[in-house]
Ligand code: SF4
Ligand code: SF4
Ligand code: SF4
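Numbering (our numbering), first residue to last: 2 to 284.
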């Protein structure tokens with residue numbers, strides 16, 4: 002009975018451990034086992050804390066995973082873990098670091114855990130979540146097209162480095178990582194205050210959502226509403242940082258691909274009608 006309660010952390014830990022094991026054996030590099038074992042453990046720990054109603058459970062995972070990637074992989078190991086790094090390694094044909102990170106967390110992983118990356122691991126959002134506007138003060142604006150512009154800028158930047166045969170690319174990518182993070186944090190904080198919405202950067206500017214949104218549409222893990230319990234009080238929608246209509250169980254729910262699985266909606270439901278379920282429509 003107790004084990005059933007922890008099925009999700011066990012499942013996610015197993016997935017990450019399996020990825021680490023596979024990469025270790027195929028690439029003969031034990032680092033992958035350590036890397037994915039650590040991330041799987043951090044995610045499982047956060048979920049276990051959440052199940053046991055610890056208030057800062059999500060924050061624990063954000064710090065453990067986001068801090069590890071930004072400080073250890075990004076700044077100490079000098080791997081560009083941002084979108085530019087993904088393009089860079091893709092163009093050089095090297096399947097490691099940012100390419101693996103993107104494949105697991107942002108391209109194929111979302112088929113299983115949606116935008117869990119955005120809720121539990123992103124080091125940009127870990128800081129933005131500390132700002133005062135946890136729930137948006139205004140309705141969502143139609144500015145999502147900006148993400149395609151920032152995505153294109155990132156792609157053009159890396160392509161230009163290759164086309165112009167620029168030397169010492171490793172060093173340039175490291176500085177690009179630092180400058181990119183400064184720009185993300187700066188614009189994210191400004192947007193949050195201007196729009197009175199901590200997650201405005203995620204909604205309008207973040208280029209990574211070009212991958213995350215379409216893949217998370219099919220996410221196995223999602224918040225579903227038990228319509229037989231719901232009394233339409235609207236409390237859940239009022240606390241959602243991403244303007245999702247989680248009371249609609251269809252895949253086309255309003256802002257459905259924006260859900261970061263933060264579970265704030267489930268905490269406020271007076272009827273316990275919301276929960277993690279694997280895509281089943283209970284209507
Ligand atoms: S949308 Fe972008 S900035 Fe926001 S949490 Fe996701 S990856 Fe991070
Ligand atoms: S409050 Fe609910 S619907 Fe909104 S992002 Fe969090 S988990 Fe998703
Ligand atoms: S908080 Fe619960 S009862 Fe109220 S609208 Fe949301 S799901 Fe329904």
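No residue lacks a Cβ here, since even glycine has one placed at the ideal position from N, Cα and C. Treat the numbers as computed from the prediction; the structure is a model and nothing was measured.
- The C-alpha of residue 45 lies about 7 Å from the C-alpha of residue 13.
- Using a 10 angstroms sphere on the CB of residue 131, the tally of other CB atoms stays under 16, which defines it as exposed.
- Contiguous alpha helix (DSSP H) elements confined to the region 119-204 occur at 124-129, 147-164 and 170-196, taking only those with 4 or more residues.
- Residues of the same chain with a CB within less than 7 Å of the CB of residue 263, apart from the 5 flanking positions on each side, are 59, 120 and 242 in chain order.
- When only Cα atoms are considered, residue 80 and residue 174 end up about 8 Å apart.
- Unbroken alpha helix (DSSP H) stretches of 4 residues or longer found wholly inside the region 59-86: none.
- Of 90, 5, 97 and 87, the smallest CA-CA separation from residue 29 is found for 97.
- Take the alpha-carbon of residue 20 and the one of residue 36: they are about 10 Å apart.
- The three-state secondary structure of residue 276, taken from DSSP, is strand.
- For the region 200-235, the continuous alpha helix (DSSP H) assignments of 4+ residues that do not extend past its boundaries occur at 210-217, in sequence order.
- In the structure shown, the three-state DSSP call for residue 102 is helix.
- With a cut-off of 7 Å, the C-beta of residue 209 is classified as near ligand 1, since at least one heavy atom of the ligand falls inside that distance.
- Between the region 126-140 and the region 183-201 there are three or more inter-stretch CB-CB distances shorter than 8 Å, so the stretches are counted as touching.
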